[in-house]
Amino acid sequence: MTEQEIKRIVARQRRYFQTGATLPVSMRIASLRRLYPAVAAHEKEIHDALGKDLGKSGFESYMCETGLVLEEISYMLKHIRRFASDRRVRTPLAQFHSRSFKRPSPYGVTLIMSPWNYPFMLTLSPLVDALAAGNTAVVKPSAYSPTTTQVICRILSQCFEPRYVAVVTGGRAENTSLLKEHFDYIFFTGSQSVGKEVMRNAAEHLTPVTLELGGKSPCIVDQTANIRLAARRIVFGKYLNCGQTCVAPDYIYCHRSVKDRLVKELKKQIQEQYGRQPLHNPNYGKIINEKHFDRLLGLIDEEKVVHGGGSDRDSLRIEPTIIDHATFSDAVMQEEIFGPIMPILVFDSLDEVIRTINSHPHPLALYCFTSSRASAEKITSHCGFGGGCINDTIIHLATTEMGFGGFGESGMGAYHGKTGFDTFTHYKSIVDKKTWLDLPMRYQPYRKIHEKMVRSFLK
28 MTEQEIKRIV ARQRRYFQTG ATLPVSMRIA SLRRLYPAVA AHEKEIHDAL
78 GKDLGKSGFE SYMCETGLVL EEISYMLKHI RRFASDRRVR TPLAQFHSRS
128 FKRPSPYGVT LIMSPWNYPF MLTLSPLVDA LAAGNTAVVK PSAYSPTTTQ
178 VICRILSQCF EPRYVAVVTG GRAENTSLLK EHFDYIFFTG SQSVGKEVMR
228 NAAEHLTPVT LELGGKSPCI VDQTANIRLA ARRIVFGKYL NCGQTCVAPD
278 YIYCHRSVKD RLVKELKKQI QEQYGRQPLH NPNYGKIINE KHFDRLLGLI
328 DEEKVVHGGG SDRDSLRIEP TIIDHATFSD AVMQEEIFGP IMPILVFDSL
378 DEVIRTINSH PHPLALYCFT SSRASAEKIT SHCGFGGGCI NDTIIHLATT
428 EMGFGGFGES GMGAYHGKTG FDTFTHYKSI VDKKTWLDLP MRYQPYRKIH
478 EKMVRSFLK
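Under my numbering, the first residue of the sequence shown carries the number 28, and numbering increases by one thereafter.
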């Protein structure tokens with residue numbers, strides 16, 4: 028799309044929003060009720076597209092993408108009337124007699140920029156929240172997942188007019204043009220480097236943003252952990268979508284005394300879950316493109332590989348790989364891996380773990396495997412991170428009852444469920460003052476009796 032076409036899309040949406048058409052809750056409900064059956068009807072098409080773009084199986088596509096979108100729509104349909112209602116709050120005695128309330132109001136024209144690793148879910152889930160809150164939306168999927176983008180275009184064009192929901196396709200040129208426009212809210216999921224660019228451009232219009240970024244999410248395994256179960260759940264979380272998951276365990280931080288046992292169990296679990304020849308497993312995905320494939324191969328230190336390490340350039344697949352004896356100075360520890368490579372580092376004390384993690388940029392997720400409640404409490408209280416799990420991985424993002432988002436370098440803001448509605452909503456604080464009584468104490472000329480009254484109210 029050209030810059031002028033993008034300008035027309037944004038202008039058309041602003042005119043539409045200003046008519047008030049998106050404000051009635053009945054209209055928002057009707058929109059979500061159109062979207063749900065459209066997603067369900069295109070399920071096979073969505074899964075085929077995800078298979079082509081990322082090598083995902085139908086099972087994984089539903090579990091991690093389509094099913095989560097349908098769940099988000101169902102949740103919003105169930106709760107939207109309550110979310111969109113005024114919320115009465117207590118009025119101070121000094122403002123007698125009044126009614127105070129907060130009124131949820133949409134921001135207006137929103138921009139949703141999504142990544143390629145979960146291209147359907149990370150486009151549609153925030154869109155559901157934005158529409159439930161009463162906004163219009165311009166959606167910009169990643170250029171790296173073109174087949175899924177085509178399906179998204181078909182679904183959204185069937186459900187909505189472009190003045191309400193529009194899809195902008197393309198790459199960097201379109202991103203640049205979009206970020207020049209004045210949006211009322213920007214929701215971005217992607218890399219830290221692009222997130223900084225989004226924030227810089229948003230500052231030109233003082234536009235609020237949500238940034239869902241990434242980082243090196245640690246997975247702590249202490250000496251009390253159930254090693255077999257820990258290995259099973261870590262392998263699931265790490266190698267899902269070939270490790271191309273923003274909340275995948277980036278590295279394992281293991282107590283020295285149980286490290287060898289953990290490595291042994293990890294190897295077993297990789298074979299149990301992906302087979303002896305993962306590169307030939309039809310349910311094991313692929314790296315998104317050759318650029319990332321080569322980047323990942325450059326992070327593998329062959330001398331430290333204790334499992335996997337093989338690759339197939341034709342299919343863009345890399346075996347689930349374990350790197351032992353890793354250090355924080357290794358190449359694999361200098362950036363978010365975002366692939367099927369799992370370095371293992373060791374520690375001797377919990378205090379060492381906390382100091383080390385807090386000395387690095389805040390991760391998007393943190394996982395700890397332990398049988399000690401005290402250790403779990405200490406780690407989750409003293410370490411800075413977006414969200415995470417105790418004795419599991421990944422699953423904290425798959426609930427509509429908790430917000431999901433980053434912290435510090437891993438992002439700002441959150442969404443999912445009620446938190447998602449709040450993200451795309453401005454709450455107006457309103458006092459409805461009655462006219463039958465007007466206390467004179469605030470007006471000049473000031474009097475001592477009025478000062479006494481003010482002091483009695485404000486203390």
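Glycine is no exception: its CB is placed at the ideal position from the N, C-alpha and C atoms.
{"Asked": "Rounded separation between residue 206 and residue 136 - CA only", "Found": "13 Å"}
{"Asked": "Residue 307, buried or exposed, once every other Cβ within 10 Å from all chains shown has been counted against 16", "Found": "exposed"}
{"Asked": "Nearest to residue 210 (by Cα), restricted to the options 253, 222, 239 and 165", "Found": "165"}
{"Asked": "Helix, strand or coil at residue 474 [DSSP, three-state]", "Found": "coil"}
{"Asked": "Anticipated Cβ contact below 8 Å, residue 177 with residue 76, distance rounded", "Found": "7 Å"}
{"Asked": "Proximity winner among 48, 110, 325 and 171, relative to residue 163 (alpha-carbon distances)", "Found": "48"}
{"Asked": "Classification of residue 422 by the beta-carbon crowding that lies within 10 angstroms, buried from 16 upward", "Found": "exposed"}
{"Asked": "Continuous beta strand (DSSP E) stretch holding residue 415: start and end", "Found": "414–417"}
{"Asked": "Whole-number beta carbon distance between residue 420 and residue 261, since they are thought to touch under 8 Å", "Found": "6 Å"}
{"Asked": "Distance, residue 451 Cα to residue 157 Cα", "Found": "5 Å"}
{"Asked": "Residue range of the alpha helix (DSSP H) that includes residue 140", "Found": "Here residue 140 belongs to no alpha helix (DSSP H); instead the beta strand (DSSP E) covers 136–140."}
{"Asked": "Unbroken stretches of the beta strand (DSSP E), 3 residues or longer, contained in the segment 282–353", "Found": "332–334 and 348–350"}
{"Asked": "Residue ranges of each alpha helix (DSSP H) within the segment 74–104, 4 or longer", "Found": "85–88"}
{"Asked": "Between the CA atoms of residue 401 and residue 146 - distance to the nearest angstrom", "Found": "39 Å"}
{"Asked": "Residues bridged to residue 198 [DSSP beta-bridge criterion]", "Found": "Its beta-bridge partners do not exist; DSSP assigns none."}
{"Asked": "Presumed contact (8 Å Cβ cut-off) between residue 313 and residue 344, rounded CB distance", "Found": "5 Å"}
{"Asked": "Cβ neighbours of residue 237 in the same chain (closer than 6 Å, five flanking residues each side left out)", "Found": "214, 440 and 450"}
{"Asked": "Nearest-angstrom beta carbon gap, residue 142 and residue 149 [assumed within contact, 8 Å]", "Found": "6 Å"}
{"Asked": "For residue 351 and residue 371, believed in contact at Cβ under 8 Å, the rounded distance", "Found": "5 Å"}
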